[in-house]
Every structure is written in C-alpha cells, then in structure tokens.
Amino acid sequence: MKCVLCPRECNVDREQRISFCGVGKLPTVARVAPHYDEEPPISGTNGAGTIFFSGCSLRCVYCQNYEISALSKGRVITPYELSEQYRRLVDMGVHNIELVTPTHYVDAIIESFRFYRPELPFIYNSSGYEKVETLKRLEGLIDVYLPDFKYSDNALAERLSRCPDYVERATAAIDEMMRQCGNSVYEDGLIKRGVIIRHLVLPSHVKNSFGVLQIIKEHWDDRIPVSLMAQYMPAGKADEYPDINRRITKREYHRVLERYYELGFDGFAQELTSADQKYVPEWDF
Ligand code: SF4
Numbered sequence: 005m006k007c008v009l010c011p012r013e014c015n016v017d018r019e020q021r022i023s024f025c026g027v028g029k030l031p032t033v034a035r036v037a038p039h040y041d042e043e044p045p046i047s048g049t050n051g052a053g054t055i056f057f058s059g060c061s062l063r064c065v066y067c068q069n070y071e072i073s074a075l076s077k078g079r080v081i082t083p084y085e086l087s088e089q090y091r092r093l094v095d096m097g098v099h100n101i102e103l104v105t106p107t108h109y110v111d112a113i114i115e116s117f118r119f120y121r122p123e124l125p126f127i128y129n130s131s132g133y134e135k136v137e138t139l140k141r142l143e144g145l146i147d148v149y150l151p152d153f154k155y156s157d158n159a160l161a162e163r164l165s166r167c168p169d170y171v172e173r174a175t176a177a178i179d180e181m182m183r184q185c186g187n188s189v190y191e192d193g194l195i196k197r198g199v200i201i202r203h204l205v206l207p208s209h210v211k212n213s214f215g216v217l218q219i220i221k222e223h224w225d226d227r228i229p230v231s232l233m234a235q236y237m238p239a240g241k242a243d244e245y246p247d248i249n250r251r252i253t254k255r256e257y258h259r260v261l262e263r264y265y266e267l268g269f270d271g272f273a274q275e276l277t278s279a280d281q282k283y284v285p286e287w288d289f
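Number 227 in this note's numbering belongs to position 223 of the sequence shown; there are no gaps in the numbering.
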C-alpha cells in the first residue's frame, strides 16, 4: 500500500522504496524506557513510558535525535511486539505510554491495540506536522496530544525542515487534537487527557518564537498549556547553517520568556541548563 500518512504524501510503497521518513511500515524502535525529564504532569515520579520511534516525517536539519530520526537506527518490531513493549512499561510502573515521533507508524500503532491496550493514558508526541485525516483515525485511542509548534515563519520551516506549509498544517492538526481531547484534565498532578503544545526556541530566531506564541494565543487563547523549551543544541546538520550552529543565549531565551508571560500563558518553561547532552537519551535499541 502506498503511504500518504503525513502531509508529504509521498505515495510510495515503503517496503519497496526509501521514502522521505526513511523507514518501512513496521516500527523501528530506538528506545523503550521510563523517562523522567518530560513536563511534570507527564513524567510524574515514576516516569513516562516512552517508546522512541526511528525515522521521521519532518527531519529538521538540527534534530536533537539525529541518530534515530535521520539515520533510522533501531530494531524493527511487529505490531504484536509493540504491544508487548506496552506491557513491559506497565510492569515498570510508568504513568502513561508516550509514543515519540509516531506519525509514520500510525497503521502499526492502531494494529498493536488489537493485541493489548493498557488502561494508562496514551500520549502522542509529534512534530505538529500532521495530516488531519490521519489524526481522525486515532480518535478514542489517544488521550493526550503533545505536538510541537515549531515555526510561525513558513520560509524558515522550508529552509530547516523542508515544509513550506508548516504553519497551516500544525494549526489544523492542533484544532483536530483539541476537538478529540479538549481542555487538559489532571488527576493527582498527572495529565489524563488534553493537549500540551511544545515550542523549542531556536538561536537567532526569536521573532519566529514570538510569532508562534502569537498564533497560539490568537487560535486557542489560554485553552492549551504551552511548554517552552530551551534545550536546543546544535546537532545533525546544524553546522551547515551558521545562524543555528550555537546554543541559544540567555538574552534570547529571556526575551521569549518575557513575551510568553506578557501574553498570559500558563504552562511550563525549561531552565536554560537543560541544553545539555546528558538530557539526550541513550539509543540502546
Ligand atoms: S509517513 Fe513517510 S512515506 Fe508516508 S507520506 Fe509521510 S514521509 Fe512519506
């Protein structure tokens, strides 16, 4: 079957040809483990049950997880084996199952639920570059959406992620996520249902961040918590792009934080010290 799962609509048989996302239809998994560095309502005390998928339908040049997103390192598993990973994580006592970069494996994820779907909240952690039709297939299966909103400037999106329609796609996708899961619901400090938007501040592009915050404010006002991320480190092919070949400065981050508070956002803001290699997980496959 030819793949049109994401806005790229490559229309290729992923078993026969290498596609944009770089992987076949069966999930390639780079890491399955409790993760303690997500937002507090996601990690809690026992950790989020993360499953890091390899390959990516966005493939930003600066990807912090370049080894798995672009080089597709990992182990190929079946939908049944994926369901067994849910069971492993449940046995470890995690608070939820977090599917990280899952877009290109939506078919396998839906199939995995035929074997086993634990009662824990399922979190869909994505780049925000999604097709509404694909998201609709997940209605009732995903409890929490955790999309990025990376760009307000489509020219920058084109240059760094080869997606000149990012703003429109991410906006429509988050509208659909809100339709499915709505305002966030918490129990004992842990998220059970809802949407949280993440935004990674890029060096030299404070205006892009201002624009992202403005779009979120205008579209969803204060209905969606926003998580501001300061963890950018040059990775992947960032050394070919002088403007992003460094960490963000204190001044850049503070300007974005100031705008975040001016607009009245309530959510999460990382410390600048989170830009450290020790926060990149080990890809132990
Ligand atoms: S999921 Fe991969 S193959 Fe399918 S349309 Fe997107 S980039 Fe292309």
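All C-beta atoms, glycine included, are put in the ideal place defined by N, C-alpha and C. If you're wondering where the values come from, they're calculated on a predicted model, not measured in any experiment.
How about residue i and residue j: are their beta carbons less than 8 Å apart?
i, j, result
"residue 217", "residue 155", "no"
"residue 52", "residue 127", "yes"
"residue 35", "residue 56", "yes"
"residue 223", "residue 175", "yes"
"residue 67", "residue 61", "no"
"residue 181", "residue 133", "no"
"residue 209", "residue 267", "no"
"residue 240", "residue 157", "no"
"residue 90", "residue 120", "yes"
"residue 82", "residue 58", "no"
"residue 125", "residue 196", "yes"
"residue 213", "residue 198", "no"
CB of residue i to nearest heavy atom of ligand 1: below 7 Å?
i, result
"residue 14", "yes"
"residue 119", "no"
"residue 9", "yes"
"residue 131", "no"
"residue 73", "no"
"residue 3", "Nothing about residue 3 can be reported from this structure: the residues present for the chain run from 5 to 289 only."
"residue 166", "no"
"residue 18", "yes"
"residue 258", "no"
"residue 56", "no"
"residue 32", "no"
"residue 61", "yes"
"residue 107", "yes"
"residue 185", "no"
"residue 76", "no"
"residue 24", "yes"
Taking CB distances under 8 Å as the criterion, tell me whether residue i reaches chain E.
i, result
"residue 249", "No chain E is part of this structure, which consists of one protein chain only."
State the DSSP-derived secondary structure class of residue i, mapped to helix, strand or coil.
i, result
"residue 53", "strand"
"residue 219", "helix"
"residue 278", "helix"
"residue 263", "helix"
"residue 258", "helix"
"residue 231", "strand"
"residue 34", "strand"
"residue 288", "coil"
"residue 269", "coil"
"residue 211", "helix"
"residue 247", "helix"
Below 8 Å on the Cβ atoms is my guess for residue i versus residue j; work out the distance and round it to an integer in Å.
i, j, result
"residue 200", "residue 228", "7 Å"
"residue 105", "residue 130", "7 Å"
"residue 6", "residue 16", "6 Å"
"residue 9", "residue 135", "7 Å"
"residue 232", "residue 273", "4 Å"
"residue 194", "residue 48", "5 Å"
"residue 102", "residue 54", "5 Å"
"residue 237", "residue 255", "So it is not a contact: roughly 18 Å between Cβ atoms."
> Of all the beta strand (DSSP E) runs that stay within the bounds of the segment 140 to 204, which reach a length of 3 or more residues?
Replying inline: As far as the segment 140 to 204 is concerned, its whole beta strand (DSSP E) runs of at least 3 residues are 148 to 151, 189 to 191, 194 to 199, 201 to 204.
> Which residue spans inside the segment 87 to 148 form an unbroken alpha helix (DSSP H) run of at least 4?
Replying inline: Fully enclosed alpha helix (DSSP H) runs of 4 or longer: 110 to 116, 136 to 140.
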